[in-house]
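**Q** My questions will all concern the structure given below.
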Amino acid sequence: MGKARFVRVGFSLGLATLTAVSNPFLRLSLIGIGAIAIPSIAPAEAATLTNWQFDPDTRELQVTVPEGTTPRYFLLAEPPRIVLDLPNTQLGTVPEQQTFNGTVRQIRVGQFQPGLTRIVIELAANAEFAPGQVELRQDGDRWVLRPLLTRCSSYTRCCDGPRSTCSCSTTDTRG
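Residues in the sequence shown are numbered consecutively from 630, following this note's numbering.
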């Protein structure tokens, strides 16, 4: 997969101005100015999201993008969601949606706007974040995101470890 390219144009040159100039030397000067301005049109290269995978047991989302891409995230409520934005990134050929049965219910991936790929992680309705909320770390060209939860879905229970590092099991506690 190559890098997608966008073109940013940072100038405007009116051709009507050139035809209105009768002095041929001045006309050449204006054309020269336009020729100097043309190289300022520079392509902005966007990285490509080449892979993502989610491990329901560890609740870790791994995202593979070229080095230099730094994701940002924010949280939404009702239902609880983590939104991971990949700036200057185009959506590659990757799955756009997967559904799960645990605390993480669904993951959606899409091109939110040109140059911005967005991943939405939807959690169970009663999932509660720990004080650290989300762990996001880089490992080479991969980023790993893991929600830190104090309370998991109604079909899971949390371990007896520290609340900030709670790891959920898939034990059915309905009785």
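Beta carbons: idealized from backbone N, C-alpha and C, even for Gly.
Owing to the predicted nature of the structure, the values given are computational and were not obtained by experimental measurement.
Please state the DSSP three-state secondary structure of T746.
**A** By 1-based counting over the sequence shown, the position of residue 746 is 117. Strand at T746.
**Q** Do you know offhand how far D770's Cα is from N755's?
**A** Start at 1 with the first residue of the sequence shown, and residue 770 comes out as number 141. Start at 1 with the first residue of the sequence shown, and residue 755 comes out as number 126. Cα-Cα distance, rounded: 33 Å.
**Q** Quick one, are the C-beta atoms of V738 and R710 less than 7 Å apart?
**A** Against the sequence shown, residue 738 aligns to sequence position 109. Against the sequence shown, residue 710 aligns to sequence position 81. Not closer than 7 Å, so no.
**Q** Quick check: what's the CA-CA separation for P708 versus E696?
**A** Start at 1 with the first residue of the sequence shown, and residue 708 comes out as number 79. Start at 1 with the first residue of the sequence shown, and residue 696 comes out as number 67. For P708 and E696, the distance between alpha carbons rounds to 32 Å.
**Q** Where does F729 sit, in a helix, a strand or coil, going by DSSP?
**A** Taking the sequence shown and counting its residues from 1, one reaches residue 729 at position 100. Residue state, collapsed to three classes: coil.
**Q** Using only the alpha-carbon positions, how far apart do G761 and A675 sit?
**A** Translated into the one-based positions of the sequence shown, residue 761 becomes position 132. Translated into the one-based positions of the sequence shown, residue 675 becomes position 46. If you take the alpha carbons of G761 and A675, they lie about 31 Å apart.
**Q** Between which two residues does the beta strand (DSSP E) harbouring D768 extend?
**A** For this step, residue 768 is matched to residue 139 along the sequence shown. Where D768 is concerned, the enclosing beta strand (DSSP E) stretches over E757 to D768.
**Q** Could you give the DSSP three-state label for R688: helix, strand or coil?
**A** Here residue 688 corresponds to residue number 59 of the sequence shown, with the count starting at 1. R688: coil per DSSP, three-state reduction.
**Q** Taking only the alpha-carbon atoms, compute the straight-line gap between L705 and T718 and give it to the nearest angstrom.
**A** Sequence index remark: in the sequence shown, residue 705 carries index 76 (1-based). Sequence index remark: in the sequence shown, residue 718 carries index 89 (1-based). Rounded to whole angstroms, L705 to T718 spans 22 Å at the Cα level.
**Q** Output the boundary residues of the beta strand (DSSP E) element that contains P716.
**A** Looking up residue 716 in the sequence shown gives position 87. Where P716 is concerned, the enclosing beta strand (DSSP E) stretches over R710 to P716.
**Q** With which residues is V723 paired in a DSSP beta bridge?
**A** Locating residue 723 in the sequence shown gives position 94, counting from the first residue. None, per the DSSP bridge assignment.
**Q** So is R688 buried or exposed if we call it buried at 16+ other beta carbons inside 10 Å?
**A** On the sequence shown, position 59 is the one that residue 688 refers to. Buried is the call here.
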